[in-house]
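Down below is the structure, laid out as structure tokens.
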Amino acid sequence: MLRVLFLTSKEGSPDLSSRALPMAFLRKLVKGGDRKEPVESMDKNTTTTDPLQDVTSKTADLTIADDFGCAPGVLRTKVGFTGGKKKGPTYYSLGDHTETIEIHYDPDVTSYTDLLKLFWENHDPTRCASRQYMSAIFYHSDEQKTQAEESKEQEQSKRSKKIQTKIAQAETFYNAEDYHQKYLLRQQRDILQALNLTDEELIKSHIACRLNGYCGGYGKMDELEKELSLFNLPSRIQDRLRAIVSRGNLY
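First residue of the sequence shown: 1, per the UniProt record's numbering; consecutive thereafter.
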């Protein structure tokens, strides 16, 4: 399982070819400017106030959104392509890009360093791979570059094999096709239907981000229980999520 890390600051894997989504190979974290950005209500049919409405977030782009989706402090995720010169890449016409995922996170809850740690822990950075699936970190500032390089050096000191992870400046991020977005959540049709979100809303959704992680069996039960009290989901959907998380990592 390979990862590409691409961090930007923002306002406000196994071969998945059989599932038509090899997005689990990469991780990308990006960091840029800060801005306050509203997060949509957990249920667009309710007037419940979103507890994250006023959170100032930063952006992190990583190649697999699944396990990062329910990591502490992660607000939103979307998958896509970056790092190449080809304009308007698609899944079947990727050019020289790398598959990645953009992650928006709350800097008051987690940090670039925390996400780097998760990045290293969740793949084998010593594996050689094609540009499409390579392990990489795309930085958006000198500070990020320094932190990424230092974290790579620390990881290398723990290993005998050479780390292949590439560290490079962030380039334009292109969204992947809708069917790639929140892929694991899309496989749980009852949960997906309960959210009642359009494809565009699914990309921007905080709850979809979190549930995508939980639908992969990631996260802890106590963390899920805390969030279920905010998500305004039907009891049968809550029970379904509990069952999935209790089984653990499915991928």
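Cβ atoms here follow ideal geometry from the backbone N, Cα and C, with glycine treated the same way.
Integer-rounded CB distance, given that residue j should sit under 8 Å from residue i
i    : j    : result
Q181 : K78  : 6 Å
E99  : Y133 : 7 Å
Q187 : C215 : 7 Å
R159 : D190 : Between D190 and R159 the Cβ distance is about 42 Å, and since that is not below 8 Å, they are no contact.
A71  : L116 : So it is not a contact: roughly 12 Å between Cβ atoms.
T110 : K161 : That belief does not hold up - the Cβ atoms of T110 and K161 are roughly 29 Å apart, past 8 Å.
K152 : I163 : 6 Å
S205 : R76  : 7 Å
Buried or exposed (CB count within 10 angstroms, at least 16 for buried), residue i
i    : result
D108 : exposed
D67  : buried
Q53  : Caution applies to Q53, whose pLDDT of 36 falls short of 50 and renders its modelled position unreliable; the model cannot decide the point.
P89  : buried
S135 : buried
Y183 : buried
S246 : exposed
V30  : In this predicted model, V30 has a pLDDT of only 36, less than 50, meaning its place in the structure is not dependable enough to derive any value.
C128 : exposed
N196 : exposed
Q154 : exposed
S130 : exposed
E227 : buried
R236 : exposed
S93  : exposed
Residue i, enclosing alpha helix (DSSP H) - first and last residue
i    : result
A194 : 189 to 195
Q238 : 235 to 247
A208 : 206 to 214
K226 : 221 to 231
N- and C-terminal bounds of the beta strand (DSSP E) containing residue i
i    : result
Y91  : Taken as a continuous stretch (DSSP letters only), Y91 belongs to no beta strand (DSSP E), as it is neither H nor E.
Y167 : Here the sequence assigns Ile to residue 167, which means Tyr is not the residue at that position. Segment 166 to 169, the beta strand (DSSP E) holding I167.
Cβ-Cβ distance between residue i and residue j below 7 Å
i    : j    : result
G248 : G217 : yes
I203 : F231 : no
Y112 : Q147 : yes
G73  : Y105 : yes
N175 : G80  : yes
I137 : I167 : yes
L211 : L185 : yes
D222 : D199 : no
E150 : T82  : no
Contact with chain C by residue i, beta-carbon distance below 7 Å
i    : result
A194 : The chain labelled as chain C is not found in the depicted structure, where only one protein chain is given.
So within the region 68 to 153, which uninterrupted alpha helix (DSSP H) runs reach at least 4 residues, ignoring any that extend past its ends? 112 to 121
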